[in-house]
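Structure first, commentary second.
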Amino acid sequence: MSGVLRGRGGLFAALAIAFCGCDARPQRAAPQPAPTSSSPATAAVVRAPAGWLKGQLHAHTGRSADSATDPAEAAAWYAARGYDFVVFTDHNVVTETASPPGLIVLRGVELTQNLRTCDPPPDPGERCLLHATALFVRPDPDPIAFDPGEGRSRLDLYARAVDRGIALGGLVQLDHPNFHHGADASLIVALARRGVTLVEVENRAVDSGNDGDATHPSTEAMWDAALARGARVFGTATDDAHHYGDADRVRARGGTAYTGDRGFVMVRAERSPEAIRAAIATGDFYASRGLVLDRVDLGRDAIAIDARRGSAAVTFELVADGRVVEVARGAVARWDLSRRIEKVVRVRVRDETGSLALTQPVWR
Ligand SMILES: [Zn+2]
Ligand SMILES: [Zn+2]
Numbered sequence: 031m032s033g034v035l036r037g038r039g040g041l042f043a044a045l046a047i048a049f050c051g052c053d054a055r056p057q058r059a060a061p062q063p064a065p066t067s068s069s070p071a072t073a074a075v076v077r078a079p080a081g082w083l084k085g086q087l088h089a090h091t092g093r094s095a096d097s098a099t100d101p102a103e104a105a106a107w108y109a110a111r112g113y114d115f116v117v118f119t120d121h122n123v124v125t126e127t128a129s130p131p132g133l134i135v136l137r138g139v140e141l142t143q144n145l146r147t148c149d150p151p152p153d154p155g156e157r158c159l160l161h162a163t164a165l166f167v168r169p170d171p172d173p174i175a176f177d178p179g180e181g182r183s184r185l186d187l188y189a190r191a192v193d194r195g196i197a198l199g200g201l202v203q204l205d206h207p208n209f210h211h212g213a214d215a216s217l218i219v220a221l222a223r224r225g226v227t228l229v230e231v232e233n234r235a236v237d238s239g240n241d242g243d244a245t246h247p248s249t250e251a252m253w254d255a256a257l258a259r260g261a262r263v264f265g266t267a268t269d270d271a272h273h274y275g276d277a278d279r280v281r282a283r284g285g286t287a288y289t290g291d292r293g294f295v296m297v298r299a300e301r302s303p304e305a306i307r308a309a310i311a312t313g314d315f316y317a318s319r320g321l322v323l324d325r326v327d328l329g330r331d332a333i334a335i336d337a338r339r340g341s342a343a344v345t346f347e348l349v350a351d352g353r354v355v356e357v358a359r360g361a362v363a364r365w366d367l368s369r370r371i372e373k374v375v376r377v378r379v380r381d382e383t384g385s386l387a388l389t390q391p392v393w394r
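Position 95 of the sequence shown, counting from 1, maps to 125 under this note's numbering, and the rest follow consecutively.
Next comes the structure, spelled out in structure tokens:
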């Protein structure tokens with residue numbers, strides 16, 4: 031494997047080169063993440079409150095060509111950081127590894143299609159890097175391959191990955207929509223109809239483009255737009271980690287480290303694979319960029335959220351049909367929605383450090 035292929039999507043990058051003869055290096059120049067995120071878990075470990083589980087829905091191991099960490103070592107890395115479960119999502123291969131004490135390791139796969147072009151075509155300098163993860167899949171010893179599909183519609187390309195993920199028995203998550211601007215709100219709407227359950231609103235890899243730019247909306251705005259058009263998809267935060275104990279060595283040789291414990295989900299479930307899957311399938315979880323909540327009760331007519339006891343004051347924003355309509359500051363938020371006319375309501379919680387939690391939508 032040539033060094034030029036190292037980076038997100040490297041395994042399929044190699045396959046794409048075989049198919050299309052193009053240089054498929056997928057990543058672009060990006061700022062380095064804070065080095066603390068790859069250091070040993072000496073900082074305060076964030077753990078789930080009673081009744082909740084801290085989980086990771088997108089992480090790579092050495093079974094991906096762009097990661098070199100053994101699955102058992104990656105599992106231990108997450109266990110040391112307070113995770114209750116992790117789904118390994120290697121590129122086009124279902125990874126199976128034992129669960130270390132305290133951590134449930136679940137099977138997943140990142141269905142990875144890296145193409146030079148598709149319809150609509152990519153922006154200049156970008157590629158069609160169309161990725162979706164299938165979570166909680168059944169064992170599958172064979173690598174997953176897609177025919178090249180150059181020039182086909184983005185919807186067709188994503189849809190065949192969605193179909194494959196469902197055929198594997200998985201819940202399907204649309205990955206990093208703003209990475210090479212693979213997807214937009216219209217695609218999320220169409221793919222939700224096709225069977226996508228989750229969309230990565232906060233994929234925390236350094237080059238995911240979550241904030242958008244002058245010509246592309248943020249992933250959160252994209253999610254709101256899709257919700258407004260009837261998509262029933264839940265929002266996730268994930269690491270998309272590729273580097274663990276090796277992150278500092280990757281940086282030392284001038285590479286970009288894709289590290290973890292930056293985006294996760296907090297799931298209200300008992301400690302079993304079946305309960306975790308059921309809670310995620312029904313949206314009984316929230317996405318977090320580090321912020322943890324003690325209470326999240328979302329009803330059609332009332333919302334009650336408590337910040338974690340002892341945490342600094344936080345800001346609660348009620349987002350209704352894509353707009354912030356009410357703001358509360360302090361330790362708790364209580365809203366009566368019975369007179370509100372909006373169709374889709376969710377809550378964004380922020381603290382002064384930039385930490386963030388996003389609840390799932392309430393459809394009314
Ligand atoms: Zn990806
Ligand atoms: Zn990935």
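We put the beta carbon where it would ideally sit given N, CA and C, even for glycine.
query, result
"Check: Pro125 C-beta below 7 angstroms from any heavy atom of ligand 2", "This sequence places Thr at residue 125; Pro is not what is there. The answer is no for Thr125."
"Exposed unless 16 or more other CB atoms sit within 10 angstroms - verdict on Ser97", "buried"
"Residues surrounding ligand 1 [beta-carbon distance to nearest heavy atom under 5 angstroms]", "His161 and Asp205"
"Contact between the stretch 126-136 and the stretch 144-156 (3+ Cβ pairs under 8 angstroms)", "no"
"Reduced DSSP category for Ala427 - H, G, I as helix; E, B as strand; rest coil", "Nothing in the structure corresponds to residue 427, since the chain is present only between 31 and 394."
"Buried versus exposed, by CB contacts within 10 Å (16 or more), Ala64", "A caution first: Ala64 carries a pLDDT of 41, below 50, which makes its placement in the model unreliable, though a value can still be read off. Exposed is the call here."
"Cβ shell of Val355 (< 8 angstroms), same chain only, five flanking positions each side left out", "Leu348, Val349, Arg370 and Glu372"
"DSSP state of Tyr316 mapped onto helix, strand, coil", "strand"
"Bridge partners - Met252, DSSP secondary structure assignment", "Bridge partners of Met252: none, in fact."
"Exercise answer, beta-carbon shell around ligand 4 heavy atoms below 5 angstroms", "The model on display carries ligand 1 and ligand 2 but not ligand 4."
"Straight-line Cα distance separating Trp107 from Thr66", "Note that Thr66 has pLDDT 41, beneath the 50 cutoff, so the model's placement of it is unreliable and the number below is only indicative. Spanning the two alpha carbons is a distance of roughly 14 angstroms."
"For Ser183: DSSP bridge partner residues", "Asp149"
"Close-in-space but distant-in-sequence residues of the same chain around Arg380 (CB under 6 angstroms, 5 per side omitted)", "Thr345 and Leu386"
"Start-to-end residues for the alpha helix (DSSP H) that takes in Leu217", "Ala215 to Arg224"
"Short Cβ contact (8 angstroms threshold) for Val375 with Leu367", "yes"
"Nearest-angstrom beta carbon gap, Arg330 and Arg394 [assumed within contact, 8 angstroms]", "5 angstroms"
"Three-pair Cβ contact test at 8 angstroms for the stretch 203-211 versus the stretch 237-251", "yes"
"Simplified DSSP assignment, three categories, for Phe118", "strand"
"Chain C contact for Arg146 (CB, 8 angstroms cutoff)", "The displayed structure is made up of one protein chain only, and chain C is not part of it."
"Start and end residues, beta strand (DSSP E) containing Val322", "Val322 -> no beta strand (DSSP E), and no H or E assigned at all."
"Extent of the continuous beta strand (DSSP E) to which Asp291 belongs", "Here Asp291 belongs to no beta strand (DSSP E), and DSSP marks it neither H nor E."
"Residue range of the alpha helix (DSSP H) that includes Ala104", "Pro101 to Ala109"
"Local Cβ density within 10 Å of Ser94, reported as buried at 16 or more and exposed below that", "buried"
"Sequence-distant residues of its chain with Cβ nearer than 6 angstroms to His273 (five each side left out)", "Val280, Ala287, Tyr288 and Thr289"
"Residue(s) in a DSSP beta bridge with Leu133", "For Leu133, which the question treats as bridged, DSSP gives no partner whatsoever."
"Minimum C-alpha distance to Ser216 - residue among Val139, Val116, Trp253 and Gln203", "Trp253"
"Rounded straight-line distance, which links the Cα of Gly313 to that of Val117", "17 angstroms"
"Which listed residue (Glu300, Thr389 and Phe315) has its alpha carbon closest to that of Gly81", "Glu300"
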